[in-house]
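Structure record follows, encoded as structure tokens.
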Amino acid sequence: MAALTGLERVSGAAARPRVWRGVVFLLAAAYFLIPLGASFWYTVHTPVEGVSLSAYGELLTAEGFVRSLLLSLGLAAATIVLVLLLSLPAMLAVRLFAPRLRPVMEVLCTLPLVVPPITFVAGIGTSLRVGTDVLAPTPFWATIIAVQDPGFPVVLVLAYVVLVLPFVYRSLDAGLRTMDVRTLVEAARNLGASWPYVLFRVVVPNLRSALASASFLTLALVLGEYTVASLLGYEPFAVWIVTASGSAGQLSVAVSILSLLLIWLLLLAVSTVFGREKQK
Amino acid sequence: MNRTRSRGWLGALPLLAFFAFVFGVPAIALVAGAFTAQGRPSLANLAQSLQGGYLTAMIGSVRLSAVVALLGAVLGTFLAHAVVTSRFTLLREAVLTASGVLANFGGVPLAFFWIATLGNSGVVSGLIGLPSGSLYTFWGLAVVYLYFSIPLMVLVMAPALDGLRPQWREAAANNGATAWHYWRFVALPVLTPAMLGGVVLLFGSSFSAYATANAMVGTVVPLVTLKIASALTGDVLIGYENIALALSLDMIVVAGLVMAIYLPLQRRSSRWLH
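Protein sequences appear in the order of chains Z and P. Last residue of the first sequence: 280 (UniProt numbering), numbering continuous. Last residue of the second sequence: 274 (UniProt numbering), numbering continuous.
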């Protein structure tokens with residue numbers, strides 16, 4: 001990198017790229033920063049009251065804020081646990097015993113990226129409707145109703161696991177690459193460790209940063225997810241924002257600013273976890 | 001080890017079974033529903049999904065995604081180049097971090113940001129005298145989608161641009177190449193796979209975006225995701241769920257086609273990528 005900039009400074013046309021770069025940065029800064037500033041101004045300023053932070057205060061007491069946020073956090077926690085419990089053993093198994101399944105895993109973990117979420121919802125909605133009719137005379141009927149409980153919609157957890165699978169897969173794959181899984185596992189097994197012991201006391205501690213980043217990405221995705229939840233008729237955080245915006249414009253923009261801050265904090269957490277790992 | 005080896009793949013079984021169930025059942029329901037009209041197998045839904053308002057919406061979605069993907073790819077590459085060649089490490093770090101955040105910032109909050117900025121009672125639209133409703137148009141939506149597309153492109157292109165070796169530029173210059181020659185015959189061919197990947201990624205994310213469009217334009221701009229949603233939630237007559245399924249199938253076909261065009265191109269041009 002240093003060599004490239006060094007070369008440019010020597011060459012005759014050095015002044016031009018620098019001016020050009022400045023223009024690019026200025027335009028980008030204007031495009032990306034003005035909406036940020038304008039949104040903030042929108043939340044704190046009203047022609048009648050002048051500048052006040054009351055919109056942010058109202059937020060905490062707004063009807064449904066706490067309920068929907070708790071629902072989203074609960075869904076995120078359940079999704080993280082389920083996706084890790086499913087994908088980690090599968091990835092270890094493919095790595096250690098069944099390398100031939102690897103292409104299958106790659107395809108499975110790319111499909112949710114190619115298929116638009118809204119088409120996935122269309123399929124889920126239809127399955128639930130048809131399923132409820134078909135299963136009505138059987139004992140499974142209670143199950144399919146329980147899965148759709150508005151208090152804690154398990155069906156959303158199932159859908160989110162599929163949606164986050166590609167990100168979790170990438171993250172864990174990167175983590176597994178940095179360690180010699182086969183040697184570690186065989187050594188532990190030869191010393192008499194049981195499989196659960198190998199998984200939780202040998203593999204997991206070595207994968208801590210990959211697991212953390214997978215969890216943070218899942219959390220960010222679930223907190224912001226709107227399409228699936230709204231079309232299936234549930235009201236977690238992202239859906240509540242829209243409902244609330246109907247009654248109070250300032251409030252919804254304030255929530256949007258907070259959600260941007262939240263994403264920033266989550267990604268900061270991911271990068272610090274990874275940064276610390278690199279320094280080791 | 002032999003005995004475990006034969007049973008070891010069972011660890012992958014829960015995930016495969018889960019995926020087959022949670023992804024497979026809706027997929028089957030989708031295809032079955034798309035080919036069923038009035039309880040009988042038929043092509044009527046698919047035929048209807050490619051006519052009139054539905055066709056307009058599909059074309060609108062493809063056009064919007066293509067515009068955003070191309071503009072985002074070009075602008076994002078320029079920004080990435082400016083970032084990568086910048087001498088200020090702090091600026092570079094700041095732009096890359098911001099790109100990471102903004103690339104993940106979509107959905108409803110993004111729509112509210114722009115409504116607060118350029119909407120009818122927005123802060124900036126008042127200052128510059130923007131005509132009412134300008135944000136709630138095709139180009140308004142394109143401007144908003146670029147807000148997450150450009151950062152996404154920066155994230156894709158920055159590592160690729162970092163991989164351009166200074167020696168290549170020196171070698172080209174020694175052979176009498178101008179800056180144009182260098183870009184046309186050396187740098188761009190090397191960057192093509194990353195750029196293609198970026199364009200496909202941008203196209204896909206705009207194509208499947210629903211939350212932002214729904215919060216912003218409602219049904220003013222015809223988009224296929226909005227049509228699917230309104231058919232699903234029964235805003236229209238009952239019995240239109242299967243039209244939604246047919247439209248979904250159309251969307252998957254378009255997304256699949258884009259991937260099918262991209263993969264061979266990418267394979268052909270990735271020879272230089274290490």
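We put the CB at the ideal spot given by N, CA and C, even for glycine.
Does DSSP put residue i in a helix, in a strand, or in coil?
| i | result |
| --- | --- |
| Z/V51 | strand |
| P/P40 | Correcting the residue type first, residue 40 of chain P is Arg in the shown sequence and not Pro. Strand, per DSSP. |
| Z/T46 | strand |
| P/Q51 | coil |
| P/V221 | coil |
| Z/Q250 | helix |
| Z/Q148 | coil |
| Z/D180 | coil |
| P/F18 | helix |
| Z/L191 | coil |
| P/T56 | helix |
| Z/A159 | helix |
| Z/A229 | helix |
| P/N104 | coil |
| P/G126 | helix |
| Z/Y197 | helix |
| Z/V242 | helix |
| Z/R170 | helix |
| Z/L207 | coil |
| Z/S68 | helix |
| P/T178 | coil |
| P/V143 | helix |
| P/S86 | coil |
| Z/T110 | coil |
| P/P189 | helix |
| P/S230 | helix |
Could you tell me if residue i is buried or exposed, where buried requires 16 or more neighbouring beta carbons within 10 angstroms of its beta carbon?
| i | result |
| --- | --- |
| P/A12 | buried |
| P/Q51 | exposed |
| P/W114 | buried |
| P/E93 | exposed |
| Z/T46 | exposed |
| P/N242 | buried |
| P/N214 | buried |
| Z/E106 | exposed |
| Z/G12 | Reliability fails at Z/G12, whose pLDDT of 45 lies under 50, so the model's placement of it is uncertain and the value that follows must be treated cautiously. The residue is exposed, with fewer than 16 neighbouring Cβ atoms inside 10 Å. |
| P/A47 | exposed |
| P/F19 | buried |
| P/G21 | Note that residue 21 of chain P corresponds to Phe in the displayed sequence, not to Gly. Exposed, by the Cβ-count rule. |
| P/D250 | buried |
By the criterion of Cβ-Cβ separation under 8 Å, what are the contact partners of residue i in chain P?
| i | result |
| --- | --- |
| Z/T126 | P26, A29, L30, G33, E241, L245 |
| Z/V203 | The contacting residues do not exist; Z/V203 stays about 12 Å from chain P at best. |
| Z/L111 | F23 |
Could you work out which residues of chain Z lie near residue i, taking near to mean beta carbons separated by less than 8 Å?
| i | result |
| --- | --- |
| P/P41 | By Cβ distance, chain Z contributes nothing, its closest Cβ being about 16 Å from P/P41, past 8 Å. |
| P/G117 | A small fix is needed here, since residue 117 of chain P is Thr in this sequence, not Gly. Result: I34, P35, A38, S39, Y42. |
| P/G122 | A38, Y42 |
| P/M259 | V114 |
| P/L232 | V121, A122, G125, L231 |
| P/G256 | V114 |
So with CB distances below 7 Å, who are the chain P contacts of residue i?
| i | result |
| --- | --- |
| Z/W264 | V101 |
| Z/A136 | None at all; the shortest Cβ gap to chain P is about 17 Å. |
| Z/V28 | Looking at the sequence provided, one finds Ala at residue 28 of chain Z rather than Val. Near Z/A28 (Cβ distances below 7 Å), the residues of chain P are L79. |
| Z/F25 | A82 |
Report back the beta-carbon spacing between residue i and residue j to the nearest angstrom; my notes put them in contact at under 8 Å.
| i | j | result |
| --- | --- | --- |
| Z/A98 | P/G8 | 7 Å |
| P/S206 | P/V68 | 4 Å |
| P/F105 | Z/L260 | 6 Å |
| P/S255 | P/G197 | Per the sequence shown, residue 255 of chain P should be read as Ala rather than Ser. The pair is not a contact, with the Cβ atoms about 15 Å apart (cut-off 8 Å). |
| P/Y147 | P/V200 | At roughly 19 Å, the Cβ-Cβ gap does not stay under 8 Å, so P/Y147 and P/V200 are not in contact. |
| Z/T227 | Z/T79 | Rounded, the Cβ-Cβ distance is 15 Å, inconsistent with contact. |
| P/V84 | P/L161 | 4 Å |
| P/Y210 | P/T225 | 4 Å |
| P/P14 | Z/S127 | Between Z/S127 and P/P14 the Cβ distance is about 20 Å, and since that is not below 8 Å, they are no contact. |
Anything in chain Z within Cβ reach of residue i, meaning under 7 Å, just list it in chain order.
| i | result |
| --- | --- |
| P/W9 | A93, F97, A98, L101 |
| P/I228 | I118, A122 |
| P/G126 | Here the premise fails: no neighbours, minimum Cβ distance about 10 Å. |
Can you pull the chain P residues whose beta carbon is under 9 Å from the beta carbon of residue i, in chain order?
| i | result |
| --- | --- |
| Z/G224 | N104, F105, G106, G107, V108, P109, A211 |
| Z/T79 | Those within 9 Å of Z/T79 in chain P number zero; the least Cβ separation is about 12 Å. |
| Z/A220 | N104 |
| Z/L158 | F18, F21, V22 |
Which residues in chain Z have a C-beta closer than 9 Å to the C-beta of residue i? List them in chain order.
| i | result |
| --- | --- |
| P/P14 | L85, L86, P89, A90 |
Evaluate contact between the region 196-208 of chain Z and the region 229-249 of chain Z, counting only Cβ atoms and requiring at least three cross-stretch pairs below 8 Å. With the rule of 3 Cβ pairs closer than 8 Å, the region 196-208 of chain Z does not count as touching the region 229-249 of chain Z.
Three or more beta-carbon pairs under 8 Å between the region 54-68 of chain P and the region 176-192 of chain P, yes or no? Touching, no.
Under 8 Å: do the region 125-135 of chain P and the region 168-175 of chain P share three or more Cβ pairs, one atom per stretch? Output reads no: the region 168-175 of chain P does not touch the region 125-135 of chain P.
Do three or more CB pairs link the region 176-184 of chain Z to the region 202-220 of chain Z at distances below 8 Å? The region 176-184 of chain Z vs the region 202-220 of chain Z: in contact.
Looking at C-beta atoms only, is the number of pairs between the region 76-91 of chain Z and the region 260-273 of chain Z that lie closer than 8 Å three or more? Result no; under three Cβ-Cβ pairs closer than 8 Å.
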